[in-house]
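Student: All residue numbers for the sequence shown refer to the numbering used here, where the first residue is 2 and numbers rise by one.
Glycine is no exception: its CB is placed at the ideal position from the N, C-alpha and C atoms.
It should be emphasised that the depicted structure is a prediction, and the values quoted were computed from it without experimental measurement.
Quick one: the structure is below, and I'll ask about it shortly.
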Amino acid sequence: MSGFIIEDDRPLSQGLTTTFSSSPLLGVSLLDDATGPGEFEELCWQYLHKLPTNLKLGQLKSRVETEIGAFGGRRYEFDSRIFQTEGSLAGQPIGQVAVTLYRKPGGSEEDIFLELEQCQLWYPELRGQGLGKAIVELVKHLGEALGVKALTAIAIYDGRFVWPALGFRFGDYLPDEQAARKFQKRFEKFCQLHRIEAPDTAGWDAPHFASFLHERRVLAPVGHSMDRQRKEVHFGRAFLLTRRPFFLSFPLSKGQI
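The following block contains the structure:
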């Protein structure tokens with residue numbers, strides 16, 4: 002940490018010393034102020050440390066990067082290992098969460114987003130218990146406090162299914178109907194390949210594919226980079242897991258200070 006005193010349930014109006022810009026959005030002010038990196042780190046801790054009782058953050062890292070381009074500006078990155086506090090893995094790092102606050106290059110002052118860079122549980126036995134969902138909910142609350150337009154992510158490995166199942170939609174920055182239509186067409190071909198009748202996918206987005214069930218189960222790569230194996234999974238999940246990495250977005254309402 003950077004020497005800040007953390008109070009678990011402190012209102013945002015207390016303890017933030019940033020000189021705010023004309024924008025009412027907290028994230029805009031942090032990106033524009035010299036004290037922004039430290040304030041962002043503190044805010045991340047306040048929101049993301051409220052993990053399920055058997056987990057905690059540790060080995061924190063934060064850094065600032067600068068992008069070239071109009072309104073590209075600085076990117077604030079917060080990265081933490083996730084530790085288990087009980088059981089056979091007590092005291093051991095079992096995963097990672099990392100988020101980045103940034104402004105869309107070429108966008109307006111308030112085109113700010115929070116990228117979910119990492120949200121991993123490294124041990125297969127810890128998955129499927131709702132821990133990932135709990136972490137993403139904390140990231141959503143952080144994004145709302147910052148006033149970002151959306152959470153963004155690049156879906157790779159199991160994230161190609163998990164994030165759509167949690168409501169993320171196709172698109173870079175914001176949901177994109179054109180991107181969704183491309184997946185609708187690919188799904189029709191996927192159905193033809195496996196000789197099943199394709200449903201009417203008009204209006205479908207990533208969550209629709211994640212929830213599509215069929216009696217036919219299909220082999221697909223399951224797991225992360227170090228423990229991937231091919232398993233039979235339900236049809237919609239198999240479709241997403243066999244795609245190349247793709248962009249996802251979860252729109253949020255703007256938070257104001």
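#1: Please return the same chain residues whose Cβ sits closer than 7 Å to the Cβ of GLN185, not counting the five positions on each side in sequence.
#2: Is ARG128 buried or exposed, if buried means 16 or more other CB atoms sit within 10 Å of its CB?
#3: Can you tell me the Cβ-Cβ gap for PRO222 and LEU242, rounded? I've got them flagged as a contact below 8 Å.
#4: I need the DSSP call for LYS273, collapsed to helix, strand or coil.
#5: Restricting to Cα atoms, I'd like to know which of TYR158, ILE113 and GLN97 is closest to ARG231.
#6: Looking only at its own chain, which residues have a Cβ that is under 6 Å from the Cβ of VAL137, when we skip the five neighbours before and after it?
#7: Using the C-alpha atoms, what's the distance from VAL149 back to GLN60?
#8: With burial defined as no fewer than 16 other Cβ atoms inside 10 Å of the residue's Cβ, what is the status of LYS181: buried or exposed?
#9: Check the DSSP bridge columns for CYS45 and list the partner residues they point to.
#10: Exposed or buried, which one is ARG170 when buried takes at least 16 other CB atoms within 10 Å?
#11: Could you check the C-alpha separation between GLY74 and PHE213 for me, to the nearest Å?
#12: Give the DSSP bridge partners of GLN121, in chain order.
#13: Note down the Cα distance separating LEU26 from PHE41, rounded to an integer number of angstroms.
#14: Could you say which of VAL65, PRO53 and PRO125 lies nearest to TYR77 if we only look at CA atoms?
#15: Starting from the C-beta of LEU220, find all residues in its chain whose C-beta is less than 6 Å away, skip the five residues before and the five after it, and write them out in chain order.
#16: Name the one or two DSSP bridge partners that ILE155 has.
#17: The beta strand (DSSP E) spanning GLY74 covers which residue range?
#18: Only counting runs of 4 or more residues, tell me where the alpha helix (DSSP H) segments fall wholly within the region 144–211, in order along the chain.
#19: Which residues does DSSP list as the beta-bridge partners of SER254?
#20: Whole angstroms are fine: how far does the CA of PHE248 sit from the CA of GLU111?
#21: Within the same chain, show all residues whose beta-carbon is closer than 6 Å to that of ALA239, passing over the 5 residues directly before and after it, in chain order.
#22: Sort TRP46, SER89, THR36 and THR153 by Cα distance to ARG104 and report the nearest one.
#23: Which residue wins for smallest C-alpha separation from SER226, given the options GLU116, LEU49 and PRO125?
#24: In the structure shown, what three-state DSSP assignment does LYS105 receive?
#25: Quick check on HIS50: does DSSP put it in helix, strand or coil?
Tutor: From the atom records:
#1: THR202 and TRP205
#2: buried
#3: 6 Å
#4: An answer regarding residue 273 cannot be provided, because it is not within the stretch 2 to 258 covered by the chain.
#5: TYR158
#6: LEU167
#7: 26 Å
#8: For the sequence presented, residue 181 should be read as Ala rather than Lys. Buried.
#9: CYS45 is not bridged to any residue.
#10: buried
#11: 40 Å
#12: GLN97
#13: 13 Å
#14: VAL65
#15: ARG231 and GLU233
#16: PHE248
#17: 74–85
#18: 160–166, 178–194 and 207–211
#19: Per DSSP, none; premise fails for SER254.
#20: 21 Å
#21: VAL219 and ALA221
#22: THR153
#23: PRO125
#24: coil
#25: coil
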